[in-house]
Amino acid sequence: MDIDCLPLVKTGYFSKLICDYVAAETKLKPLYNRFPNLDGFKGQIEEKGKQFTQSQRSVLFGSLIEQYKGINVSKQTNANIELLKEKNTFTVVTGHQLNLFTGPLYFLYKIISAINLTKELKKEFPDQNFVPIYWMATEDHDFDEINYFNFKGLKFQWNKEASGAVGHLPTEGLEEVFALYSKTIGDSKNAQVLKELFESAYLKHDTLTDATRFLANEIFKDYGLVIVDGDDVELKKLLVPYMKKDIFEQTAFKKVSETIEEITQISSDYPVQVNPREINYFYLKDGIRERLVESKGKYAVNDTAITFTNEELVSEMENFPERFSPNVIARPLYQEVILPNLCYIGGGGEIAYWLELKASFDAMQVTFPILLVRNSALIITEKQADKLERMNISKSDVFLSQNSLINKKIREISNIDIDFAPQKKLLEEQFKEMYALAEKTDKSFLGAVKAQEVKQKKGLDALEKRLLQAQKRKLKDHVVRMTELQNDIFPNQSLQERQLNFSEFYLAYGEALLPMLFKALEPLNLNFTVITQK
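Residue numbering for the sequence shown follows the numbering used here, starting at 63 and increasing by one per position.
Next comes the structure, spelled out in structure tokens:
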């Protein structure tokens, strides 16, 4: 196995905001607390250690004991849950939706990044303890985003009517998905493991929350992963004071709006990732998850007949905190209120919206975590690596747009020179004399000279383009092979990790898959990882 790294900016798959963030551009410093390096973690440990109380630890520990009831908890995970009671224990968190059978491959990369970072921090700070956390997005309601996974070009989809929080959904109907998947993957030893894993998770658990917890625990139990479900009454009691500030004072709305204005002033190339609402909570009850809105001096649950006065809403929050579900703006705060957390690990889109939140955290007097862009990786199989070598395509070349890749390689392998740069340079030299002549005789002639230069350069560009197209036709077989190979490495011309399911690689590598990924992924190496099999 070879491991190579590319700067994120060289891949073409990350926004300017994220590329600037990992490059530690000073203009972004106001948007975060500390940079993701070991010096940053030293300060974060000191700050979070002072803020997070023993009372909060007790609530967290009690909730986790309840959530893990009836689950086969490994010694490593159980030890980590126990450690959370200690004042010198901190967490590293990543979160993800409840995608069917983990969804895209980067589900694994997120969690491995978190686990590897806890190991690295333990080496650097041996007097502290560090626990990796997977935060399940059980209260999310975007069922269409999570009800499928891809395998070898096929889409396995769970078709059902769904509303409310996805974690509450019963797993009925997944027998059909399992039957189709089982037929597709064959009967190899690795296929049998995958079948058993799917069946045990989804056909032997009643809800999507329970199925996902089992699945993540089964995959990562030997690594001490602790899984947290925020849809928990005791944990949400800790959130109530912050709910009130959001709902009645619109603290998050005001501060995030100010930050968005600041971001757009820093650079017009930084898109707004999410916009805050005046109230950043949903109401969660009886299969609904609808926005809470203020209307005519009262508070209402959108698209329902449910309304509250101020006093009734306060009473509802205090007596039934589990009925209030934070949205994308409020959920990060909830996480940091209930966990002794140092760092959040997320994808580019996630980190982009986290960068909008620091001012609201400051206003709520909650420590803002270190933000770490998760490891991204490309696995190149031995067969693909052989083809790349035969076609003399480098690891960096393969990330070029398809047209750029083809043009570059056609120029390299062509037996004629398709680069007209020398001719363009000669043309420019000739026109220098024309400009000089115009200056001495009639300056009004300068415009005509310029127009003629532009025309002739365009002519050369057109000839170069036609010659390149002619060579592409002549070397059609090579173009086809390059195109097919790049499409194989980047399914749907997208990053592999965003398209393929882990089971496709487990089928090939079996139990060796996770150790391979743990070895390759270094969370504080802020580059893109290319893993080449040999």
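Built from N, CA and C at the ideal position, the CB exists for glycine as well.
Whole-angstrom Cβ separation of residue i and residue j, contact assumed at under 8 Å?
| i | j | result |
| --- | --- | --- |
| G411 | Y168 | Going by Cβ atoms, the distance from G411 to Y168 rounds to 11 Å, so no, they are not a contact pair. |
| T233 | T269 | 7 Å |
| F564 | L170 | 5 Å |
| S458 | K72 | 6 Å |
| L404 | I174 | Not a contact, Cβ separation roughly 17 Å. |
| A141 | G349 | Not really, about 38 Å apart at Cβ, beyond 8 Å. |
| T443 | Q561 | Going by Cβ atoms, the distance from T443 to Q561 rounds to 15 Å, so no, they are not a contact pair. |
| T429 | Q113 | 5 Å |
| L70 | C81 | 5 Å |
Tell me the DSSP secondary structure of residue i in three-state form.
| i | result |
| --- | --- |
| S329 | coil |
| D348 | coil |
| N95 | coil |
| R339 | coil |
| P194 | strand |
| I468 | helix |
| L68 | strand |
| F590 | strand |
| T88 | helix |
| P577 | helix |
| A582 | helix |
| F386 | strand |
| Y210 | strand |
| E474 | helix |
| K519 | helix |
| F552 | coil |
| H598 | Given a span of 63 to 596 for the chain in the structure shown, any question on residue 598 remains unanswerable. |
| Q595 | coil |
| F218 | strand |
| F76 | coil |
| L300 | coil |
| A314 | helix |
| D82 | helix |
| L173 | The sequence shown places Ile at residue 173, not Leu. The answer is helix: DSSP assigns I173 an H, G or I state. |
| D249 | coil |
Within a Cβ cutoff of 7 Å, which residues of the same chain sit near residue i, ignoring the five residues on either side of it in sequence?
| i | result |
| --- | --- |
| T313 | K307, S422, A425, M426 |
| H267 | T233, A273, F276 |
| T366 | I350, E352 |
| S136 | K283, D284 |
| L183 | F103, F192 |
| L100 | E186 |
| Q116 | K149 |
| A224 | F205, L231 |
Using a Cβ-Cβ cut-off of 6 Å (strictly less than) and excluding sequence neighbours within five positions of residue i, which residues of its own chain qualify?
| i | result |
| --- | --- |
| E573 | none |
| F123 | L146, K147 |
| G111 | none |
| L605 | Outside the shown range of the chain (63 to 596) lies residue 605, about which nothing can therefore be said. |
| S244 | K257 |
| Q278 | It should be noted that the sequence gives Ala, not Gln, for residue 278. Same-chain partners within the cutoff: Y196, I289. |
| K317 | A421, S422, A425 |
Going by the beta-carbon positions, is the gap between residue i and residue j smaller than 9 Å?
| i | j | result |
| --- | --- | --- |
| L569 | S319 | no |
| S438 | L579 | no |
| P188 | I177 | no |
| N554 | L68 | no |
| L440 | E546 | no |
| L179 | L434 | yes |
| F211 | T164 | yes |
| R385 | K360 | no |
| D294 | A227 | no |
| E490 | E515 | yes |
| E356 | F315 | no |
| D206 | Q159 | no |
| P585 | I407 | yes |
| T88 | R436 | no |
| Q118 | P402 | yes |
| S120 | L297 | no |
| P431 | E380 | no |
For residue i, which residues of its own chain have a beta-carbon under 8 Å away from its beta-carbon, when the five flanking residues on both sides are left out?
| i | result |
| --- | --- |
| D550 | Q446 |
| E261 | F240 |
| M544 | M453, I455, L467, I468, K471 |
| V376 | K306 |
| F612 | Because the chain here runs from 63 to 596, residue 612 falls outside it and cannot be looked at. |
| G74 | F461, L462, S463 |
| L583 | Y171, I174, S175, N178, N437, A439, T591 |
With respect to 8 Å, is the separation between the Cβ of residue i and the closest non-hydrogen atom of the ligand ATP below this value?
| i | result |
| --- | --- |
| L562 | With respect to the ligand ATP, the structure shown offers nothing to examine, as it has no ligands at all. |
Hey, is residue i's beta-carbon within less than 9 Å of any beta-carbon in chain D?
| i | result |
| --- | --- |
| E573 | Reference to chain D is not applicable here, since this structure consists of a single protein chain. |
ask   = Pairing CB atoms from the stretch 320-330 with CB atoms from the stretch 139-159, are three or more of them under 8 Å?
value = With a cut-off of 8 Å, the stretch 139-159 and the stretch 320-330 do not count as touching, because too few Cβ pairs lie within range.
ask   = Are three or more beta carbon pairs between the stretch 411-420 and the stretch 380-399 nearer than 8 Å?
value = yes
query = Would you call the stretch 192-202 and the stretch 271-285 touching, i.e. three or more CB-CB distances under 8 Å?
reply = yes
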